[in-house]
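Numbering (mature numbering (1 follows the signal peptide of the UniProt record, and there is no 0)), first residue to last: -27 to -1, 1 to 342. Beta carbons: idealized from backbone N, C-alpha and C, even for Gly. As the structure is a prediction and not an experimental result, all values here were calculated from the model. Working notes, structure below.
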Ligand code: UDP
Ligand code: MN
């Protein structure tokens, strides 16, 4: 007869098996938790990176760009330290600009000649700060840009002396998009906004098309205290005069930093021509920040420079319909781009960025017979 195990021994072995499985289970759970935690951390890092808006090309590029930003920040601080000299407020100074028409010069100029022409006015990176008064704002002029060098040179040639006369503290940012995808003006504005704030605490940002030249010295490039300000009322060399429609805010628009933050910046989703400025208008109206213009319509006269036409964005009308709904999650909060270059050039601070691919084209509607 087989000897049967005694009851206490049986109990002991069952308990031992149970204990072992418990330990194994516990260990597995710990491993699972650790893996989960580390992947969560990884996600958060990615998330932070995408909120801050960078994915870098490589460690080296990152170091160079970071170093450059730090250097620019320090040199800017040195310039603006003058505030401690108790200068009068620039707004209190009589600017004597009234009625002065700008002699707009649209003849071709080379980069080399323009540098010579403006070197007495500008500091590296397209920075200017008045010597004799303290300006109420620090202004970032953000120019979304690609492949329009003649326009850019003509704009700088005419705009810089105007802003200097107006005693505006400004730095010019040219935000260039690489060549892969259709142009995304609004996303480039967001990039300019985020990157400019790393260099200085700008209180006013002006989104400026590269092809519009103001015609009046008294068209003051200043942010309104409460509302955004739109400047372009009339492209006086064009056949169709005046505003194209009442809610038009394209061309040149000044916003305070808090206003841009309040509307989550501009939409990132408009690739190609059209309606991204109307989307911005909807955002501003949604938070009661309808833009204002100067009372005198003559101040809003601009000259429009010639250029080749962009491809129209086929999704523009669909996008515009969803503008308010998307506002909370499409903008600064979802901004993502690769900063390919950041450099202080003589006439402007240059940023070259790669943007994410555009949304897929809409499927054609199904036809029912
Ligand atoms: N832009 C650019 N390169 C392009 C397309 C657009 O630099 O290939 C910039 C430029 O600042 C321009 C603005 O985006 O002024 C608006 O685009 P565009 O001039 O094509 O539109 P428009 O206002 O003339 O209809
Ligand atoms: Mn244009």
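heavy atom of the ligand UDP below 8 Å from residue i C-beta
i           : result
residue 116 : yes
residue 367 : Summary: the structure shown does not reach residue 367, with the chain confined to residues -27 through 342, and so no result is reported for it.
residue 224 : yes
residue 86  : no
residue 308 : no
residue 277 : yes
residue 314 : no
residue 252 : no
residue 268 : no
residue 183 : yes
residue 241 : no
residue 290 : no
residue 156 : yes
residue 124 : yes
residue 323 : no
residue 246 : yes
residue 96  : no
residue 67  : no
residue 283 : yes
Residue i versus residue j: straight-line alpha-carbon distance, rounded
i           : j           : result
residue 172 : residue 49  : 8 Å
residue 139 : residue 187 : 13 Å
residue 2   : residue 34  : 41 Å
residue -25 : residue -18 : Any answer about residue -25 is weak, because its pLDDT of 48 lies below 50 and its placement is not dependable; what the coordinates show is given next. Cα to Cα, the separation comes out at about 13 Å.
residue 189 : residue 240 : 31 Å
residue -12 : residue 311 : 57 Å
residue 169 : residue 74  : 31 Å
residue 41  : residue 293 : 38 Å
residue 130 : residue 92  : 11 Å
residue 280 : residue 114 : 21 Å
residue 44  : residue 215 : 44 Å
residue 191 : residue 277 : 19 Å
residue 24  : residue 233 : Per-residue confidence for residue 24 stands at a pLDDT of 36, beneath the threshold of 50, marking its modelled position as unreliable; the derived number appears in the next sentence. Going from the Cα of residue 24 to the Cα of residue 233 covers about 15 Å.
residue 69  : residue 268 : 18 Å
residue 330 : residue 150 : 12 Å
residue 357 : residue -20 : Residue coverage of the chain in this structure runs from -27 to 342, which leaves residue 357 outside it and unanswerable.
residue 246 : residue 335 : 16 Å
residue 213 : residue 47  : 47 Å
residue 87  : residue 332 : 39 Å
residue 303 : residue -10 : 53 Å
residue 322 : residue 261 : 33 Å
residue 110 : residue 254 : 23 Å
residue 308 : residue -14 : 59 Å
residue 65  : residue 300 : 39 Å
residue 144 : residue 94  : 12 Å
residue 134 : residue 161 : 25 Å
residue 211 : residue 59  : 46 Å
residue 142 : residue 67  : 16 Å
residue 4   : residue -7  : 15 Å
residue 128 : residue 36  : 32 Å
residue -16 : residue -1  : 22 Å
residue 121 : residue 282 : 11 Å
residue 118 : residue 185 : 13 Å
residue 243 : residue 291 : 11 Å
residue 343 : residue 136 : Nothing in the structure corresponds to residue 343, since the chain is present only between -27 and 342.
residue 62  : residue 103 : 11 Å
Distance cut-off 8 Å: residue i Cβ against heavy atoms of the ligand MN
i           : result
residue 349 : Since the first residue of the chain shown is -27 and the last is 342, residue 349 is not available in this structure.
residue 207 : no
CB-CB length for residue i against residue j, believed under 8 Å
i           : j           : result
residue 296 : residue 250 : Not confirmed; about 11 Å, so no contact.
residue 99  : residue 320 : 5 Å
residue 123 : residue 81  : 6 Å
residue 386 : residue 305 : Residue 386 is absent from the model: the chain starts at -27 and stops at 342.
residue 201 : residue 257 : 6 Å
residue 147 : residue 125 : 7 Å
residue 79  : residue 179 : Residue 79 to residue 179, Cβ: 21 Å. No contact.
Stretch pair the segment 152 to 165 + the segment 191 to 206: three plus CB contacts closer than 8 Å: no
Three-pair Cβ contact test at 8 Å for the segment 280 to 297 versus the segment 221 to 234: no
Stretch-stretch touch, CB-based, cutoff 8 Å, three pairs: the segment 325 to 332 with the segment 303 to 317: yes
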